[in-house]
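Presented below is the structure to which this report refers.
Number of protein chains: 2
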Amino acid sequence: MHSTQSLTPFFQPHSIAIIGATDNPKKIGYAITKNILENPKGNYKISLVSYKKGEILGHLAVSSILDLNQTIDLAIVLVPARFVESIISECIKKKVKSIIIVTAGFGEMGISGKNVQNRIAKQVHEANIRLIGPNCVGIQNISFGLNASFIQKPLAGGISMITQSGSIGAACIWEFNAQDMGMAKFTNLGNAADVQFYEILEYYSSDPETQVIAIYLESLQEGRQFYEMLQKVTRKKPVIILKGGTSTKGMQAAQSHTGSLSSNFSVFQAMVHQAGGILCDTLDEFITALKTFSYVPLPQGAKIAVVTGSGGSSVLFSDYAERFGFHFAIFSPELEKELGSHLIELVKMENPLDMIASADENTFYHVTKTLLASPEIDIIVPCSLVPPFLEQEPQSHMRGVLHAWQETGQKKPIIPLMVYGEMFPELQTLRRTHRFPLFFTPKEAATAVKYLLIRFKYLNRISRH
Amino acid sequence: MHSTQSLTPFFQPHSIAIIGATDNPKKIGYAITKNILENPKGNYKISLVSYKKGEILGHLAVSSILDLNQTIDLAIVLVPARFVESIISECIKKKVKSIIIVTAGFGEMGISGKNVQNRIAKQVHEANIRLIGPNCVGIQNISFGLNASFIQKPLAGGISMITQSGSIGAACIWEFNAQDMGMAKFTNLGNAADVQFYEILEYYSSDPETQVIAIYLESLQEGRQFYEMLQKVTRKKPVIILKGGTSTKGMQAAQSHTGSLSSNFSVFQAMVHQAGGILCDTLDEFITALKTFSYVPLPQGAKIAVVTGSGGSSVLFSDYAERFGFHFAIFSPELEKELGSHLIELVKMENPLDMIASADENTFYHVTKTLLASPEIDIIVPCSLVPPFLEQEPQSHMRGVLHAWQETGQKKPIIPLMVYGEMFPELQTLRRTHRFPLFFTPKEAATAVKYLLIRFKYLNRISRH
Chain A
0 MHSTQSLTPF FQPHSIAIIG ATDNPKKIGY AITKNILENP KGNYKISLVS
50 YKKGEILGHL AVSSILDLNQ TIDLAIVLVP ARFVESIISE CIKKKVKSII
100 IVTAGFGEMG ISGKNVQNRI AKQVHEANIR LIGPNCVGIQ NISFGLNASF
150 IQKPLAGGIS MITQSGSIGA ACIWEFNAQD MGMAKFTNLG NAADVQFYEI
200 LEYYSSDPET QVIAIYLESL QEGRQFYEML QKVTRKKPVI ILKGGTSTKG
250 MQAAQSHTGS LSSNFSVFQA MVHQAGGILC DTLDEFITAL KTFSYVPLPQ
300 GAKIAVVTGS GGSSVLFSDY AERFGFHFAI FSPELEKELG SHLIELVKME
350 NPLDMIASAD ENTFYHVTKT LLASPEIDII VPCSLVPPFL EQEPQSHMRG
400 VLHAWQETGQ KKPIIPLMVY GEMFPELQTL RRTHRFPLFF TPKEAATAVK
450 YLLIRFKYLN RISRH
Chain B
0 MHSTQSLTPF FQPHSIAIIG ATDNPKKIGY AITKNILENP KGNYKISLVS
50 YKKGEILGHL AVSSILDLNQ TIDLAIVLVP ARFVESIISE CIKKKVKSII
100 IVTAGFGEMG ISGKNVQNRI AKQVHEANIR LIGPNCVGIQ NISFGLNASF
150 IQKPLAGGIS MITQSGSIGA ACIWEFNAQD MGMAKFTNLG NAADVQFYEI
200 LEYYSSDPET QVIAIYLESL QEGRQFYEML QKVTRKKPVI ILKGGTSTKG
250 MQAAQSHTGS LSSNFSVFQA MVHQAGGILC DTLDEFITAL KTFSYVPLPQ
300 GAKIAVVTGS GGSSVLFSDY AERFGFHFAI FSPELEKELG SHLIELVKME
350 NPLDMIASAD ENTFYHVTKT LLASPEIDII VPCSLVPPFL EQEPQSHMRG
400 VLHAWQETGQ KKPIIPLMVY GEMFPELQTL RRTHRFPLFF TPKEAATAVK
450 YLLIRFKYLN RISRH
């Protein structure tokens, strides 16, 4: 077993060599060369290596890494697959500390590619060098200013991701950006010839910037170590997992994709649950889970209150709530009286509390605040929709909810449901400026509550042992 | 039983009386008054009725509908609940042809409200007048230029909706707008004291502008008639259904919402399947189904091909595909050869066909066109993501797919999957300008294929009887 320190040169390199650097904008190597050259914090020195030598994007390239004088923390290999083995030999001679092989065409191509991949893994292992890839888009460390990948940079924040698929990683970053969710670290493992999921998981676990860990995986080579690590890490941080290749057909596709056999899904499922991880069924649920733990504090209990200006939304929310086994609080006469003082007579004192269409910003403010202040309630789900009438502003209801939340110290989880509100800039501003959480369908809001309760109950269970 | 002609005065009125018209922008009646006054096609005459009399929004109001000289096709009632019964008596005296009661505070409030509602329903029935509502946002007929509701107007198109919940209807219209999906008719039934789902369903069935029918319902008063009508209508048009109140808790919420008891869900489910309707589990699936039938032609068989530039997306698509029981085609040697001529050597000839990250617009164009032209394939799922590298345009892959589709006459269904691409204006333009379908998660694309196959198999089954 390696220590997590062996991963530091990947995420905090002070010198990087890009082997196969290019200024040809049609090559993937160009994007990664440009991204590394950006170096906004000036944290690392960059050396370019290219068989062409000469100047590349304003930097003089040498023809071999062995021609460099300085030591190299991280070597990034972009050359075509047939040259990779000899480049790795040079990296070993140069005693680089870590290597990312971006190049594809190894284990995912079948037996002969797998053999080359295994040979490379054995060589670097013997040389005590760590290797990420091959067949990956690279890694990122946002606060360090490092984008050692050919994909786009996320916003800064608390999500750290390990993904087997580069494209799923890139797609998630688009969606994170769209929902103002920021990242700390990003790692695409690709074929995972050396560095494994459980190692990055451990690294993220002790990373102070990482608040929630996201894992997309298709196959595991080290199931036992992963399970044991997951069990440790979930005590500290929520770990959200999406698994590709859960079906026979999906497994075949996964094998072509990253060259590894997918494990039996029901075994995997049981393992994740046992270890306290949160396993999602879809990409949307994966985003929802990460959003929930990024924006919302954990509940101190499981009693839910729903307040709504949109009857249909709370009906649908209630359907999923029952399916997920939630407990709706029964309001005490005192709480009913307090709520009633802010509501018109037509409103029936029930939970879900349907305040009907006349509820405005003020109503949402007072009712949400009453519920946030009440010891009878642990989680509040305020439902609304962007009002298409009365010349109301799209964000007015949720502004009322936000003020109530702010004035009570943002201590209790709220899951504001704004049905199909994602396209309204006014709501996006509320989210961006005040870290106000927003959920967009009844199922999404119910799923968010479900994940909060899973985490709450898990932490409760382990604290009793 | 009434004939569907009894519904014509709702959707094509030549004279409308707004009873309770107001210019107070804080009242819901203001929004509906303004929407009706807009009258962009000049298809109807408008009379305003208000106890205040005088001028409202530039129109002279009378104090009673009985003061009007002309006949009234459609009376819209906005007055407070306690005045509604006497207003209805006046409408009956005036012999209006149809009435919409927007006002809430009837059956959804409990026994006494239910009694008033029943009395009103009996009176209008005896007078041979049809009634929509009470407790509804109103109706719309887009091509007629009629927005007799207090919610926003959709784009023009082929979806016609019947919804029990006004807010779910309004939320759907936001999402339809966001995804360039247009509507023909909109009806919110609210408490459904008189006009029932099956009647609007029949009306839409014979409406030449309606291509696909959307139903959101929480409860059915006339289950038998609905079933029989559904069975007839699904032979002509796809009918997409979302049911709220599928759980005990949801049923209670529904009862507060529209005052009617929700029926047993498993009975309902079996009934819809038997009658050839498409029952969705979530609001997102409801939108996906409507999008699919709005944008995509029906397949002539069930053989699916997946082409991808994003390995992870097709792995996840394959997982749902297997869960839904799809058949992936096995490419013949001839088709493999033809596909291979457009691909680099690294690509393995399989289905899903992973063209790896180097696939560009041209690759997508040629490969999709080959599959569209092949009798071996009935449905094509081109997967991509917005490329975050190589300075590619967000829409380039899908532009390749579009050209292939256009050049083959748009006869075969394509389900283009662009993972988390909804926020890119370039993709939106492709959709708006060319009616190009776009799906945004692997689950959504798989769900779209599922609905196409349900419809294909249902039409096959009934054509054999």
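Protein sequences appear in the order of chains A and B.
The first sequence lines up with residues 0 to 464 when you count with numbering that gives the first Met the number 0.
The second sequence lines up with residues 0 to 464 when you count with numbering that gives the first Met the number 0.
Virtual Cβ for every residue (Gly too), placed ideally from N, Cα, C.
Asked: Which chain B residues are close to A/Ile150, counting only those with a beta carbon under 8 Å from its beta carbon?; Found: Pro387 and Phe388
Asked: Determine the burial state of B/Leu260: buried for a count of at least 16 other Cβ atoms within 10 Å of its Cβ, exposed for fewer.; Found: Model confidence at B/Leu260 stands at a pLDDT of 48, short of 50, so the residue's coordinates are unreliable and nothing is read from them.
Asked: Give the list of continuous beta strand (DSSP E) stretches no shorter than 3 residues that lie fully inside the stretch 25–60 of chain B.; Found: 44–48 and 53–55
Asked: So for B/Leu260, helix, strand or coil by DSSP?; Found: Any reading at B/Leu260 needs caution, since the residue's pLDDT is 48, under 50, leaving its predicted position unreliable; the model's value is listed next. Residue state, collapsed to three classes: coil.
Asked: Between which two residues does the beta strand (DSSP E) holding B/Ala147 run?; Found: Leu145 to Ser148
Asked: Checking contacts by CB at 8 Å: is B/Phe9 closer than that to chain A?; Found: no
Asked: Alpha carbon to alpha carbon, what distance is there between A/Val306 and A/Ile376?; Found: 12 Å
Asked: Note down, in chain order, every chain A residue with its Cβ under 8 Å from the Cβ of B/Glu321.; Found: Ser246, Thr247, Lys248 and Gly249
Asked: Do you know whose CA, among A/Tyr319, A/Asp318, A/Ala192 and A/Ile379, lies nearest A/Phe330's CA?; Found: A/Ile379
Asked: For a test of the three-state rule: what should DSSP assign to B/Ser97, helix, strand or coil?; Found: strand
Asked: Return the residues of the stretch 427–451 of chain A that lie within a Cβ-Cβ distance of less than 7 Å from chain B, sorted by chain order.; Found: Thr440, Pro441 and Lys442
Asked: Does DSSP put B/Val305 in a helix, in a strand, or in coil?; Found: strand
Asked: Can you name the residues of chain A whose CB is closer than 7 Å to the CB of B/Ala170?; Found: Leu384, Val418 and Tyr419
Asked: Just reading off the beta strand (DSSP E) that A/Gln139 is part of, what are its end residues?; Found: Gly137 to Asn140
Asked: Using the beta-carbon of each residue, which ones in chain A are nearer than 9 Å to B/Ile167?; Found: Ser309, Gly310, Gly311, Ser312, Val314, Leu315, Leu384 and Val418
Asked: Please give me, in chain order, every unbroken run of the beta strand (DSSP E) with length at least 3 that falls completely inside the stretch 264–325 of chain B.; Found: 277–279 and 302–307
Asked: Report the three-state DSSP secondary structure of A/Ile378 (helix, strand or coil).; Found: strand
Asked: Where A/Ser2 and A/Phe327 are concerned, what is the direct C-alpha to C-alpha distance, given to the nearest angstrom?; Found: 46 Å
Asked: Looking at chain A, which residues of the stretch 361–381 of chain B have a Cβ within less than 9 Å of any of its Cβ atoms?; Found: none
Asked: Spell out whether any CB of chain B is found under 8 Å from the CB atom of A/Leu260.; Found: Residue placement at A/Leu260 cannot be trusted, given a pLDDT of 47 that sits under 50; what the coordinates show is reported in the next sentence. No, its Cβ sits nowhere closer than 8 Å to a Cβ of chain B.
Asked: Sort B/Thr233, B/Ile27 and B/Gly106 by Cα distance to B/Asn459 and report the nearest one.; Found: B/Thr233
Asked: For chain B, find out if any of its Cβ atoms is closer than 8 Å to the Cβ of A/Gln273; answer yes or no.; Found: no
Asked: Exposed or buried, which one is A/Val78 when buried takes at least 16 other CB atoms within 10 Å?; Found: buried
Asked: Does the beta-carbon distance from B/Leu401 to B/Pro298 come in below 8 Å?; Found: no
Asked: Whole angstroms are fine: how far does the CA of B/Glu392 sit from the CA of B/Pro424?; Found: 11 Å
Asked: Check each residue of the stretch 93–127 of chain A: if its Cβ is closer than 9 Å to any Cβ of chain B, include it; give the result in chain order.; Found: Ala103, Gly104, Glu107, Met108 and Gly109
Asked: To which residues of the same chain is A/Ala120 closer than 7 Å at the C-beta, ignoring the five residues directly before and after it?; Found: Leu130, Ala192 and Asp193
Asked: As a quick exercise: from B/Phe185, B/Phe10 and B/Ser49, pick the residue whose alpha carbon is nearest that of B/Ile167.; Found: B/Phe185
Asked: Is B/Asp22 helix, strand or coil when you go by DSSP?; Found: coil
Asked: Counting only beta-carbon separations shorter than 8 Å, does B/Gly243 have a partner in chain A?; Found: yes
Asked: Go ahead and pull the three-state DSSP assignment for B/Thr186.; Found: strand
Asked: Alpha carbon to alpha carbon, what distance is there between B/Pro12 and B/Asn500?; Found: Residue 500 of chain B is absent from the structure shown; chain B starts at 0 and stops at 464.
Asked: Starting from the Cα of B/Pro386, find the closest Cα among B/Asp359, B/Val366, B/Gly408 and B/Glu84 and give me that residue.; Found: B/Asp359
Asked: Say whether chain B places a C-beta atom closer than 8 Å to the C-beta of A/Glu425.; Found: no
Asked: Taking only beta-carbon atoms, is B/Trp173 less than 8 Å away from chain A?; Found: yes
Asked: Check whether the stretch 62–75 of chain A and the stretch 86–103 of chain A are in contact - that is, three or more C-beta pairs closer than 8 Å.; Found: yes
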